[in-house]
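Residue numbers (the numbering used here), protein chains in the order written: chain X, 6 to 340; chain B, 6 to 340.
Beta carbons are placed, not taken as given, at the ideal position from N, Cα and C, and that holds for glycine.
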DNA sequence: ATCCATACTGCAATCGATTGCAATAACGAA
DNA sequence: TTCGTTATTGCAATCGATTGCAGTATGGAT
């Protein structure tokens with residue numbers, strides 16, 4: 006393995022000059038710079054990132070922390086997660102950063118201490134703030150650069166990037182109403198930030214349509230198809246002749262619900278229309294195809310990275326909620 | 006930020022002693038050790054991993070590289086991927102390692118240079134060897150510790166962990182045969198290592214059942230539901246009255262195919278039985294529920310980590326294929 | 001009293017870069 | 001000729017730990 010000293014020797018300059026030359030510091034004579042660079046190239050020299058880190062106190066690494074729900078041990082809709090993770094990875098690579106991934110189940114190290122103070126990472130991207138996470142609140146009182154994917158409370162003192170969950174949900178439910186639904190259930194756990202927004206959107210739509218809210222129609226449901234299936238069987242079947250619509254806070258839940266309905270002989274969408282949220286890969290390919298709300302994963306991932314780097318440059322980064330898109334498919338096609 | 010020097014000063018010992026004491030080196034007097042440890046604890050001191058890395062030439066970090074198919078830009082069945090990634094992350098954390106994640110799309114740095122030589126990582130876990138990846142072959146000629154998730158050719162000179170794809174596929178197809186299917190199609194891209202094994206298993210089953218192979222029944226299909234849907238429409242519909250079974254190399258493909266069939270009015274499983282591979286979350290909750298083969302993600306992830314660490318300890322690690330489990334559900338229930 | 005083994009402890013070099021500051025050279029101005 | 005500038009370059013300290021080797025003290029054996 007070559008070191009900077011070797012390159013310097015080969016170029017017949019001091020290490021200082023070699024170091025500066027490699028980073029194209031204009032204080033070094035142009036010819037010298039080119040010579041050093043050429044030699045480094047020739048010998049395939051790369052600076053040792055550890056040594057550089059130690060000296061500069063920067064790691065050129067970003068830690069991505071995936072938050073799991075304390076109870077269900079599940080992250081927000083898995084397929085969505087993988088997608089945004091991919092986008093973030095690409096974006097970081099593109100900007101010259103490495104990505105440290107951590108799936109924070111329960112007990113956990115103190116993020117600031119572990120990642121920032123220990124110089125393992127220069128900034129944090131946190132995905133999925135379950136139920137108002139204390140650790141995030143705490144981080145915001147420190148000087149740690151970080152961004153969060155999730156729902157903005159509107160007055161957070163940290164940067165949030167997320168989807169317009171509320172208006173997206175409203176659009177979906179309004180669509181169900183437009184399809185003639187008058188008794189629409191909500192499936193999801195509104196103790197979770199993002200789901201809460203979807204729940205509020207659901208209420209907005211009902212209100213606008215002049216439909217009454219009905220506590221019996223609101224079922225706290227985990228993120229899984231399984232729980233969607235169970236809750237539907239247990240709590241929606243009794244309401245059935247009257248119930249004519251379901252808005253699920255995630256596609257997985259919606260698919261579970263549809264499964265239960267089909268087994269029970271309920272015609273979707275004729276007797277009951279269903280809409281979900283996420284547009285996971287399967288949604289278009291189940292039967293009937295699921296009406297859902299699609300999040301802008303690509304811009305989401307890019308924005309997270311962009312705003313984090315912005316913070317690391319000492320600038321302020323505003324929170325931002327991305328528009329979503331309603332995709333109407335068979336599961337709600339009653340007309 | 007405290008440094009080792011501070012702790013040493015507080016404990017009134019030299020840095021050397023402090024360093025040894027912290028790592029519980031028995032050469033240091035027990036009382037001294039305890040005193041140093043106690044002080045470190047009290048001041049919440051943690052050694053700086055960068056400095057340690059520089060000195061020890063170890064990073065206590067493992068790079069996980071997710072390989073994408075060159076053409077489809079897709080990794081092996083997404084949901085499966087996220088699962089195993091989670092297991093690996095937990096397992097590494099548990100062993101005291103950080104995890105550097107990289108999604109290697111197309112062009113890419115040289116893994117050895119970038120991760121190992123630069124000391125960014127002590128070892129590599131590579132997930133999904135698409136079509137015989139040259140870079141892996143190359144790695145195996147170096148001294149880099151690494152393990153691969155995928156299919157073992159049986160005579161690789163590197164460590165592979167994967168599922169018993171062949172026997173799993175055979176079990177699934179034999180099950181279809183047992184359900185009375187005589188004309189079974191295979192959907193998947195057998196240019197991909199793992200899928201090739203599933204394809205061979207498919208052939209095994211047909212052979213054992215005395216059924217003829219038929220090239221018309223073998224459709225090269227991408228990993229997506231979309232492609233399963235398209236290929237089914239385009240190439241299976243013409244064969245339909247006779248065709249009575251489909252074995253898809255992944256659940257996503259199977260679900261796409263089922264969708265096409267249902268739209269076309271084909272009764273699953275009565276007229277045609279379907280089986281997939283993976284047991285993604287949706288498989289149990291689509292209609293009809295999908296018969297499939299479940300991989301042992303948990304042990305897979307654990308084994309990958311275990312065998313990698315084994316190599317890093319200088320030991321030899323054998324390849325290993327994990328048993329899979331056939332889950333029979335409605336999509337193949339013809340009797 | 002002398003010598004040696006044993007048990008600790010600390011000095012100082014080292015890992016591989018970066019950077020403030022000083023040193024040198026070259027050049028024109030006074 | 002002398003001096004201030006400007007352009008380059010290099011010395012040496014520094015980042016925060018780890019570790020080979022030497023040094024000291026203690027106690028027992030002879």
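Taking the alpha helix (DSSP H) that residue i belongs to, which residues open and close that run?
i                     : result
residue 261 (chain X) : 256–268
residue 132 (chain B) : Note, residue 132 (chain B): premise wrong, no alpha helix (DSSP H); beta strand (DSSP E) at 128–132.
residue 200 (chain B) : 198–214
residue 58 (chain B)  : 54–61
residue 11 (chain X)  : 9–16
residue 41 (chain X)  : 35–47
residue 25 (chain B)  : 20–27
Tell me where the beta strand (DSSP E) around residue i begins and ends.
i                     : result
residue 317 (chain X) : Per DSSP, residue 317 (chain X) belongs to no beta strand (DSSP E); it is in the alpha helix (DSSP H), 302–317.
residue 251 (chain X) : 250–253
residue 66 (chain B)  : 66–72
residue 144 (chain B) : It is not in any beta strand (DSSP E) - residue 144 (chain B) instead sits in the alpha helix (DSSP H) that spans 139–144.
residue 299 (chain X) : 297–299
residue 327 (chain B) : 325–327
residue 167 (chain B) : 164–168
residue 107 (chain B) : 103–109
Tell whether a beta-carbon distance below 8 Å holds between residue i and residue j.
i                     : j                     : result
residue 39 (chain B)  : residue 24 (chain B)  : no
residue 252 (chain X) : residue 156 (chain X) : no
residue 61 (chain X)  : residue 105 (chain X) : no
residue 89 (chain B)  : residue 302 (chain B) : yes
residue 317 (chain X) : residue 161 (chain X) : no
residue 192 (chain X) : residue 294 (chain X) : no
residue 278 (chain B) : residue 184 (chain B) : yes
residue 275 (chain B) : residue 339 (chain B) : yes
residue 169 (chain B) : residue 327 (chain B) : yes
residue 129 (chain B) : residue 45 (chain B)  : no
residue 181 (chain X) : residue 337 (chain X) : yes
residue 12 (chain B)  : residue 48 (chain B)  : yes
residue 73 (chain B)  : residue 7 (chain B)   : no
residue 147 (chain X) : residue 55 (chain B)  : no
residue 101 (chain X) : residue 188 (chain X) : no
Below 8 Å on the Cβ atoms is my contact criterion, and I expect residue i with residue j to pass it. Report the Cβ-Cβ distance as a whole number of Å.
i                     : j                     : result
residue 215 (chain X) : residue 175 (chain X) : With 8 Å as the limit, residue 215 (chain X) and residue 175 (chain X) do not qualify as a contact, their Cβ atoms being about 14 Å apart.
residue 117 (chain X) : residue 144 (chain X) : 6 Å
residue 307 (chain B) : residue 322 (chain B) : About 13 Å separates the two Cβ atoms, so there is no contact after all.
residue 41 (chain B)  : residue 18 (chain B)  : 7 Å
residue 265 (chain B) : residue 237 (chain B) : 4 Å
residue 121 (chain B) : residue 149 (chain B) : 5 Å
residue 241 (chain B) : residue 248 (chain B) : 6 Å
residue 232 (chain X) : residue 256 (chain X) : 13 Å between Cβ atoms; not a contact.
residue 173 (chain B) : residue 282 (chain B) : 7 Å
residue 108 (chain B) : residue 91 (chain X)  : 5 Å
residue 259 (chain B) : residue 280 (chain B) : 7 Å
Use the C-beta contact count for residue i: other C-beta atoms within 10 angstroms, 16 or more gives buried, fewer gives exposed.
i                     : result
residue 243 (chain X) : exposed
residue 270 (chain B) : exposed
residue 287 (chain B) : buried
residue 31 (chain B)  : exposed
residue 198 (chain B) : buried
residue 29 (chain B)  : exposed
residue 246 (chain X) : exposed
residue 3 (chain B)   : Outside the displayed range of chain B (6 to 340) lies residue 3 (chain B), so it cannot be described from this structure.
residue 171 (chain X) : buried
residue 159 (chain B) : exposed
residue 124 (chain B) : buried
residue 36 (chain B)  : exposed
residue 217 (chain B) : exposed
Tell me whether residue i counts as near the ligand ATP, meaning its Cβ is closer than 7 Å to at least one heavy atom of that ligand.
i                     : result
residue 289 (chain X) : The ligand ATP is not among the ligands present in this structure, which contains no ligands whatsoever.
Can you pull out the residues from the segment 246–261 of chain B whose beta carbon lies closer than 7 Å to at least one beta carbon of chain X?
From the segment 246–261 of chain B, only 257, 260, 261 have a Cβ closer than 7 Å to chain X.
Proximal residues, the segment 101–118 of chain X versus chain B, C-beta separation under 8 Å
If you check each beta-carbon in the segment 101–118 of chain X against every beta-carbon of chain B, the ones closer than 8 Å belong to 103, 104, 105, 106, 107, 108, 110, 118.
Chain B contacts from the segment 210–240 of chain X (Cβ-Cβ distance under 9 Å):
Answer in chain order: 229, 230, 231, 233, 234.
Listed from N- to C-terminal order along the chain, which residues in the segment 289–307 of chain X have their beta-carbon within a distance smaller than 8 Å of any beta-carbon of chain B?
So the list reads 289, 290, 291, 292, 294, given in the order they occur along the chain.
Given a limit of 8 Å on CB to CB distance, which residues of the segment 44–58 of chain B reach chain X?
Answer set for the segment 44–58 of chain B: 49, 51, 53, 54, 55, 56, 58.
Looking at chain X, which residues of the segment 260–280 of chain B have a Cβ within less than 7 Å of any of its Cβ atoms?
With the criterion set as a beta carbon lying under 7 Å from some beta carbon of chain X, the members of the segment 260–280 of chain B are 260, 261, 264, 267, in sequence order.
Near-chain B residues of the segment 83–96 of chain X - C-beta to any C-beta below 9 Å:
Against chain B - using a Cβ distance shorter than 9 Å - the residues of the segment 83–96 of chain X are 83, 84, 86, 87, 88, 90, 91, 94, 95.
Please name the residues in the segment 121–133 of chain B whose beta-carbon is closer than 7 Å to at least one beta-carbon of chain X, in chain order.
If the cut-off is 7 Å between Cβ atoms, the segment 121–133 of chain B has 122, 123, 124, 125 near chain X.
Counting only Cβ-Cβ distances shorter than 9 Å, please list the residues of the segment 6–24 of chain B near chain X, keeping chain order.
Only those residues of the segment 6–24 of chain B whose C-beta falls short of 9 Å from the nearest C-beta of chain X are listed: 6.
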